[in-house]
Every structure is written in C-alpha cells, then in structure tokens.
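Asker: Residue numbers (my numbering): -3 to 195.
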C-alpha cells in the first residue's frame, strides 16, 4: 500500500479507529481469497463486542445432521503499528485463564503494519482460540511473576502480545527477568489461516 494512502502512526482515537477498520477489511479480503465467505460484524452493530468478523467455511459442515449448515468462526482482529499489539484485555484479565475461556469467542488475527521501502506492509498472525488464550495467559504470568522489580506493575494496564511471540520466539533469561518459554514452541503463526478453523 502506497504512503499516498493515509495510514497514520499517530495515536489519536480517530486514527486508531481508521487503522482498525483498515485491518479488519484487509483480513476480510484475505479470508475471501482463501475461499471462505466473510463479513464484518461491525457493519451491522458498531464495535460489536468480542467479534469483528464472521467467517463461513462451506467445505466443513457443523454436524452431519445439518449438511447445509457451514462451520462458522467468530474472529477478533487487532491491528497495530507497534510491535506490542494490544489485545483488548488487561493484565489482570490475562492472569485469569477461566475468565479468558469465558470471554474469548473465537480465533484472533493480529495485523502488524510497518513501513517497508516507503510502503505500508501488512503482516497477518493467526491464532486459534486455544492458542490465543494460552499465549496471552502464559506471557502475562511470566510478565507479572518472573520479572525482578522493586515496584509492582498495575494489573489494570492493557495486555499486549509482542510480534516476536507471534513468531514463536522465546524470551531468554536476563538480569531483568527469567526466561519465557513460548507455548507456540518455535512455530510462527504468520499466515497460518488454517488456525481459523481450529479450537
């Protein structure tokens, strides 16, 4: 995408909303290129809670009893120009696995937008519902309990997921913290669109 198109790195609310809308529409396009039907849930209800995109896979049936009914996925999209991408949860939420299981309704697509050769490049990282819950929870348990701090962090702060974690990378032990073992186990979820249909 050319820089002539307005994509700002400014953090004003309108710019964030515009960037989020661009990310959602790019994901809808990618899903349709994979042969699936998809539409933006926010077109009918503004900022629909916990769902951005509904995707249908007609090649997979929900049950043998209903051969006409395709499997659907309720997708949340998070788009950012920062490498630590906000998830929509707080650190406090992230520490509660049962809460995440209750609140997370489907897979997550993280869209990282950065400038390459004076053009915006979109990278897509796709986590199944269970992968997202496990990564978010384990990363923030590590962040809260395995860092050497004099002052406690605020659990009300936003919880983010780093792009390198989405690429399956660990965090090595340093003087500041213990090692973080990534539950993705070295496997990047970049362009793993099949994760949409996994639990």
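The C-beta atom is built at its ideal place from N, Cα and C for all residues, glycine as well.
Report the rounded CA-to-CA distance for residue 94 versus residue 131, giving the unit in angstroms.
Answerer: 14 Å
Asker: DSSP state of residue 23, grouped into three classes?
Answerer: helix
Asker: By DSSP's criteria, residue 81 is part of a beta bridge. Which residues make up the other side?
Answerer: Bridge partners of residue 81: 157.
Asker: Identify every residue that forms a DSSP beta bridge with residue 33.
Answerer: 52
Asker: State the start and end residues of the unbroken beta strand (DSSP E) segment that holds residue 121.
Answerer: 115 to 123
Asker: Less than 9 Å between the C-beta atoms of residue 100 and residue 74, yes or no?
Answerer: no
Asker: Taking Cβ to Cβ, would you say residue 39 is nearer than 9 Å to residue 122?
Answerer: no
Asker: In the DSSP assignment, the alpha helix (DSSP H) including residue 93 goes from what residue to what residue?
Answerer: 93 to 99
Asker: In angstroms with no decimal places, state the Cα-to-Cα distance between residue 143 and residue 120.
Answerer: 29 Å
Asker: With distances taken between CB atoms, is the gap from residue 157 to residue 106 smaller than 9 Å?
Answerer: Result yes, Cβ atoms of residue 157 and residue 106 sit closer than 9 Å.
Asker: In this structure, does DSSP put residue 183 in helix, strand or coil?
Answerer: coil
Asker: Can you tell me whether residue 151 is helix, strand or coil according to DSSP?
Answerer: Residue 151: coil per DSSP, three-state reduction.
Asker: If you compare alpha carbons, which of 53, 87, 9 and 72 is closest to residue 151?
Answerer: 87
Asker: For residue 111, which beta-bridge partners are listed by DSSP?
Answerer: 116
Asker: Across the stretch 76 to 85 and the stretch 47 to 57, are there enough close Cβ pairs to call them in contact, namely three or more that are closer than 8 Å?
Answerer: no
Asker: Any C-beta of chain B sitting closer than 9 Å to the C-beta of residue 36?
Answerer: Judged by its chain identifiers, the structure shown contains no chain B, having just a single protein chain.
Asker: Roughly how many angstroms separate the alpha carbons of residue 174 and residue 12, rounded to a whole number?
Answerer: 33 Å
Asker: Shortest alpha-carbon distance to residue 28 belongs to which of 161, 111 and 50?
Answerer: 50
Asker: Out of 97, 184, 85 and 172, state which residue places its alpha-carbon closest to the alpha-carbon of residue 146.
Answerer: 172
Asker: For residue 145, which residues does DSSP report across the bridge?
Answerer: Residue 145 is not bridged to any residue.
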